[in-house]
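Residue numbers (the numbering used here), protein chains in the order written: chain S, 21 to 309; chain V, 21 to 309.
As structure tokens, then:
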């Protein structure tokens, strides 16, 4: 190959991996090197700009600890997390679509009976979420595990405010019966900013971008034999619905939040005031073999 | 544009920057996003592979402190540092070529008289380095500042071994006279590994790559009116000459290390034993206006 030149730069780097005994790693690094060199040639960074990039990566790394993952945040705001999710969750037509898991899922949450009011801090506008989990033919799925979680009315998940919010506030696990139906009571979610006091937040500001995610709540629905569905459903009237800082919104994940003023319906669903009715069905694809 | 999809992913991200008031930053991020998304689509990383990448970047960031810059090391071993250097030092034919500065340059080193023996620890095989600094027409340049630095015979720069090596060991500054000539005494350089006890070193090992740089010594040659030359000259017989871990070698930077056994020449050049004679001329381009 010869020595490094501007023209053959990527190939010279790739050629050094001839003794690599991990074909997948070699492929991944080769692709990254090719695209990275192409990007650098297109950008033609000055030495000072290159140093700014080094310093940005360094401060992003220094921001990371057990509680804060600034590189995941960077991946999120560059659309990379959503792209990886999309590539890993291609499904047949008719199947519910995935979106990013996000950092606030918690394993081992205790099972709750259907209909539970999972809002434990009494804040916000009441909401009834319900629907049916079925397969692609519309046959209800019995025994599906439905994990739900969302922020409280102040825009924080319970795990972000330990000691302030009750444990498992707005977080629960349900299991469907033979009819595949689920229903629970919660509060209408609100939009909230991703953590923006670090290098990624500063970058967003310099790019003229806001840090907000539109109001949504999370679902993780799993059942043996079916492709696990990780998704949110979104409020289409949220001001940030068209500009989610992490690009999680999909057309098919917009729900209707229907205000219910009928006292009889309120009574039936154990609300004492107006509530929002959110009906949303999920269709699971068969597990890829 | 609509919501994020696998197909339009990069463009959706780029479109969020419409309010950015820094056109260069917007351009840089747009190019990076386009290439990053293209790389991700080509790689199709699993969620687990994506997380490994996040963890690699995080541990690389955590390795960085005031003394260790692991992201620069990463840039170096991926050929990015050399590429940025190449893009920023395109020169007319006949001009001496640049290579990377490296982390061991020191500003404000005191001026030494020509001919000084800059090896202060007495280790290694003696070497006489000499040549002429001229312009592209071959006219000698008077008053050129020549900064030189290299490792000692153990493969460490003075600043890596403060308290072990004498201050300014194998590091000096000279200024040319009317004839443009320079000469100084030192020791034949040795190959040495880049710091390989961190994430970048572990990556090199997994890629089947060694961490060595072939034997070289550094020059930084500057004079008002001329394009500053940052370069090394290399020993072509070094076992790593064809596989520099940071890709710094260029054909035009290979020197001859000629052993001199003639006692008369040894006496003339103030050596008591065999030494290596390394003659290397530099040609500086006019400063770009």
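C-beta atoms are modelled at their ideal positions from N, C-alpha and C, and glycine is treated no differently. Quantities reported herein were computed from a predicted structural model and do not represent experimental measurements.
- Against chain S, a Cβ distance below 7 Å from residue 65 of chain V picks out 104.
- At least 8 Å separates the CB of residue 187 of chain V from every CB of chain S.
- In this structure, residue 210 of chain V places its C-beta atom within 8 Å of the C-beta atom of residue 173 of chain V.
- Less than 8 Å separates the beta-carbon of residue 241 of chain V from that of residue 166 of chain V.
- Counting along the chain, residue 159 of chain S sits inside no alpha helix (DSSP H), nor does DSSP assign it H or E at all.
- The secondary-structure analysis by DSSP pairs residue 296 of chain V across a beta bridge with V:147, V:279.
- For residue 228 of chain S, the neighbours in chain V by C-beta distance under 9 Å run, in chain order, 36, 37, 38, 39, 40, 41, 42, 46.
- Per DSSP, the beta-bridge partners of residue 191 of chain V are V:169.
- With at least 16 other beta carbons inside 10 angstroms of its own, residue 264 of chain V counts as buried.
- For residue 129 of chain S, the secondary structure class from DSSP, reduced to helix, strand or coil, is coil.
- Here residue 44 of chain V carries a helix assignment [DSSP, helix/strand/coil].
- For residue 138 of chain S, the closest alpha carbon among the candidates S:171, S:243, S:255, S:33 is that of S:171.
- Residue 116 of chain V sits away from residue 285 of chain V, with the two beta carbons spaced by 8 Å or more.
- Per DSSP, residue 238 of chain V is one residue of the beta strand (DSSP E) stretching across 236 to 242.
- Looking at S:231, S:232, S:131, the one whose alpha-carbon comes closest to that of residue 191 of chain S is S:131.
- Check the Cα spacing between residue 93 of chain V and each of V:274, V:283, V:217, V:288: the tightest is with V:217.
- Counting along the chain, no alpha helix (DSSP H) covers residue 207 of chain V; the unbroken beta strand (DSSP E) around it starts and ends at 201 to 207.
- Residue 270 of chain S carries a coil assignment under DSSP once its states are collapsed to helix, strand and coil.
- Within the same chain, and ignoring the five residues on either side of residue 271 of chain S in sequence, no residue has its Cβ closer than 6 Å to its Cβ.
- Nearest Cα to residue 46 of chain S within the set V:161, V:98, V:119: V:98.
- Annotated three-state conformation of residue 55 of chain S is helix, per DSSP.
- Taking 8 Å as the threshold, the shortest C-beta distance from residue 237 of chain V to chain S does not fall below it.
- Within its own chain, the residues whose Cβ lies closer than 7 Å to the Cβ of residue 83 of chain S, once the five positions on either side in sequence are excluded, are 90, 218, 219, listed in chain order.
- Neighbours of residue 293 of chain V in chain S, taken as residues at a C-beta separation under 7 Å, are lacking, since the least C-beta distance is about 33 Å.
- Interface annotation, residue 198 of chain V: not in contact with chain S, CB-CB separation never under 8 Å.
- Taking every protein chain shown into account, the CB of residue 233 of chain S has 16 or more other CB atoms within 10 angstroms, so this residue is buried.
- For the pair residue 254 of chain V and residue 236 of chain V, the CB atoms are nearer than the 8 Å cut-off.
- Of the residues S:88, S:250, S:78, S:108, the one whose Cα lies closest to the Cα of residue 168 of chain S is S:250.
- Nearest C-alpha to residue 289 of chain S among S:136, S:176, S:213, S:164: S:136.
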